[in-house]
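The next block holds one structure in the form of structure tokens; read it before the comments.
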RNA sequence: AAAACAUGUCAGAUGACAGCUCUAUGGAGAGGAAAGUCCGGACACUGACCCCAUAAUUUUUUUGUGGGGAAAACGGUAGCGGGUAAUACCCGUCUAGAGUGAUCUACGAGGUGCGAGCAGUGACGGUUUUUUCUGCAAAGGAAAAACUGCCCUAAUACAAAUUGGGGCAAUGCCCAGUGGUAACACAGGGAGUGAAACGGCAAAAUCCUUACUGAAGUGCAAGACCGUGUCUCGCUUUUGCGAGGAGAGUCGCGAUGAUCUGCACGGUAACGUGUAGGCAAGAUAGAUUGUCAUCCCAGAAUCUGUUUACAGGUUCUUGGACAGAAUCCGGCUUAUCGGCAUGUUUUCUAA
RNA sequence: GCGAGUGUCGUAUAACGGUUAUUACACCACCUUGCCAAGGUAGAAAUGGCGGUUCGAUUCCGCUCACUCGCU
């Protein structure tokens with residue numbers, strides 16, 4: 625779980641980010657857009673299309689959150705990012721999530737290195 | 001000891017690293033169903049019948065506040081007796097059926113209406129028993145007998161139908177008796193019918209009535225406050241004032257409660273009374289977790305031992321039921337891997 | 001979260017508790033035509049699922065599954 629200033633919290637912010645650029649890899653969709661703040665804020669979208677059970681949706685979101693948390697120091701500040709996972713056929717485990725997210729961030733040049 | 005039945009209860013454990021929410025430095029942090037939203041309440045707002053008290057305007061009256069009552073309308077319940085804040089809930093009990101049994105399942109006021117079911121009668125049909133055929137078996141076909149409510153008699157020689165007369169039983173009806181708080185059960189007496197008479201159905205309060213009973217409607221996105229944006233309108237036209245109102249703001253909303261746990265008493269029980277102790281999640285793009293290790297449970301493969309089904313060991317990119325609080329409680333319903341405890345019944349063994 | 005509603009052939013649509021479940025378009029076969037369309041004749045195809053009430057259920061009731069809508 626990220627801190628509250630590192631999270632996207634309001635519907636208007638989400639709508640803004642969806643109008644920005646996007647990239648996808650392995651079922652993970654990444655939207656991003658510049659904001660005028662000193663931190664990057666990240667939001668997660670896992671819809672009812674992924675699973676109708678609330679337990680599975682919560683589980684998948686927590687896995688993505690904890691994967692982001694390990695990568696977070698390498699991300700450049702000043703962006704709004706939204707991550708969503710829609711591949712309803714299987715669960716994305718923690719190790720694969722870390723690999724996919726680092727590759728995605730390298731492609732979009734949001735990392736420091 | 002085995003099998004079964006009922007009720008209650010647990011919902012993998014420990015550690016390390018990294019992190020979140022509340023509280024404020026000490027801690028606390030998801031369920032039995034948090035689910036479905038099928039019922040019932042609490043709570044909030046809206047409108048509102050009659051009576052009484054009080055305050056203001058005023059003295060006919062109108063408005064506000066508080067308290068009490070009633071049943072019109074609109075609902076709720078429906079064998080009987082209880083429990084509860086309340087219920088389509090719970091407990092006990094009556095009736096019918098299933099089971100060797102513990103136990104389980106089902107139904108329930110009256111009228112009026114319906115009636116393609118049963119019976120009324122011949123056939124058909126149904127149930128039981130016996131024989132026989134097909135078939136591995138399950139089951140199916142054929143034949144016979146008994147029962148399934150009618151019987152006797154006259155007009156009319158016989159049969160059938162119709163009409164008249166007579167008789168018996170069961171259910172139901174009426175009367176009074178015994179047991180039970182009651183529903184009802186048991187055992188008597190009387191009248192009458194051969195028929196929509198009896199029995200059956202009306203499943204979501206509906207066609208009408210009766211008895212008992214509840215004021216109604218909307219739901220926390222209820223609702224209360226604030227009045228903040230490069231917002232809108234009006235006045236002033238610098239500041240400012242008033243109205244509306246986006247809202248990502250505050251409260252409602254996080255435990256002194258129809259509360260939880262233990263004990264005692266009353267009651268067959270649901271439950272009630274008393275007493276001692278506890279204060280146990282409170283998020284809002286939505287916390288209550290992620291990863292790893294060891295153990296535990298289950299599964300698969302394999303090895304060893306012997307009674308060939310058990311015991312022990314090894315391995316695994318194996319799996320860990322159903323499922324995630326959203327205002328809060330009491331029920332019901334649905335989903336669910338496994339385990340534990342208590343009580344009861346049946347069978348077997350031993351004394 | 002709170003509340004309301006709908007499921008009938010491939011699609012749209014009808015039904016008093018009593019039929020072999022209606023109609024239109026689409027589909028298939030045949031006739032017609034030199035060929036196609038239109039037209040004619042015949043045909044196949046459905047009550048979301050599981051239980052209950054009833055002599056009998058698309059209809060009434062319960063549970064369940066899927067879908068739709070309203071309230072920031």
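Numbering (this note's numbering), first residue to last: 625 to 737. Each residue gets a CB set at the ideal place from its N, CA and C atoms; glycine is no exception. Predicted, not measured: the structure shown is a model, and the values here were computed from it.
With C-beta atoms as the reference, is residue 649 less than 8 Å away from residue 727? Here residue 649 is taken as the residue at index 25 of the first chain, counted from 1. Here residue 727 is taken as the residue at index 103 of the first chain, counted from 1. Their beta carbons are under 8 Å apart, which means residue 649 touches residue 727 by this criterion.
Rounded C-beta distance between residue 706 and residue 655? I'm assuming under 8 Å. As a working mapping, residue 706 is identified with position 82 in the first chain. As a working mapping, residue 655 is identified with position 31 in the first chain. About 4 Å separates the beta carbon of residue 706 from that of residue 655, a gap short enough to meet the 8 Å contact definition.
Could you give the distance in angstroms between the alpha-carbon of residue 734 and the alpha-carbon of residue 697? If you number the first chain from 1, residue 734 lands on position 110. If you number the first chain from 1, residue 697 lands on position 73. Those two C-alpha atoms are separated by around 11 Å.
Applying the criterion that 16 or more other CB atoms from any shown protein chain within 10 Å of the CB defines a buried residue, is residue 664 buried or exposed? To locate residue 664, count along the first chain from 1; it is residue 40. By the Cβ neighbour-count rule, residue 664 is buried, with 16 or more other Cβ atoms within 10 Å of its own.
Give me the Cα-Cα distance between residue 662 and residue 627, rounded to the nearest whole angstrom. Looking up residue 662 in the first chain gives position 38. Looking up residue 627 in the first chain gives position 3. Roughly 14 Å separates the two Cα atoms.
So the beta strand (DSSP E) residue 656 belongs to, where does it begin and stop? Translated into the one-based positions of the first chain, residue 656 becomes position 32. 652 to 658 is the span of the beta strand (DSSP E), which, as asked, contains residue 656.
Can you tell which of 629, 630 and 659 has the C-alpha that lies nearest to the C-alpha of residue 643? Here residue 643 corresponds to residue number 19 of the first chain, with the count starting at 1. The residue among 629, 630 and 659 with its C-alpha nearest the C-alpha of residue 643 is 659.
In the DSSP output, what is residue 703 paired with across the bridge? Here residue 703 refers to the residue found at position 79 of the first chain. Note: residue 703 sits in a beta bridge opposite 658.
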